[in-house]
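Colleague:
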Amino acid sequence: MIIILIAFQMNINVFKGFMVIYSNLLLMIFNLLPIYPLDGGRIIKGILHIFLGKVKAEKYSNRTSFITLILITFIASIAIYKIENISVFLIVLVLWGIFIKEDRIYERRNKIYNLLEKNY
0 MIIILIAFQM NINVFKGFMV IYSNLLLMIF NLLPIYPLDG GRIIKGILHI
50 FLGKVKAEKY SNRTSFITLI LITFIASIAI YKIENISVFL IVLVLWGIFI
100 KEDRIYERRN KIYNLLEKNY
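Residue numbering for the sequence shown is 0 to 119, as defined by numbering that gives the first Met the number 0.
(1) Along the chain, where does the alpha helix (DSSP H) that runs through I82 open and close?
(2) Under a three-way DSSP split, which group does L26 fall into?
(3) Leaving out five residues before and five after D38 in sequence, what residues of the same chain have Cβ atoms less than 8 Å from its Cβ?
(4) Just checking my contact of T67 with P33 at CB under 8 Å: how many whole Å lie between their CB atoms?
(5) What residue does the alpha helix (DSSP H) around Y112 start on, and which one ends it?
(6) Three or more C-beta pairs under 8 Å: does that hold for the stretch 96 to 116 against the stretch 50 to 68?
(7) Taking buried to mean at least 16 other C-beta atoms within 10 Å of its own C-beta, is L51 buried or exposed?
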């Protein structure tokens, strides 16, 4: 929002100002995807943590991240075919890399939770 105000104050021509606004909106939307390390995933996990507790919140946020990535991969496949742009493919690869890393952390934590449940 601050960047938008600065762009208007600097009297940037309409097209360049629109590109600044457009790119910031795309970054905001991308960051709000419900994939855990992104802000959208953190929001989902926080809300679930309030209502379901830590263990279930991690479980459901991990599943939500996986389902979201499957949908994004499907949509990106169509987009790659239609617009013939490899950057969409690279973005999906980065998201999958982030998810795989977080999934490994989730699995380790889940093993610890299971061990603690068995001991108590």
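Here a beta-carbon is modelled for each residue, glycine too, at the ideal position from N, C-alpha and C.
Modeller: Quick look at the numbers:
(1) 53 to 82
(2) helix
(3) N30, L31
(4) 5 Å
(5) Counting along the chain, the unbroken alpha helix (DSSP H) around Y112 starts and ends at 85 to 118.
(6) Touching, per the Cβ criterion.
(7) exposed
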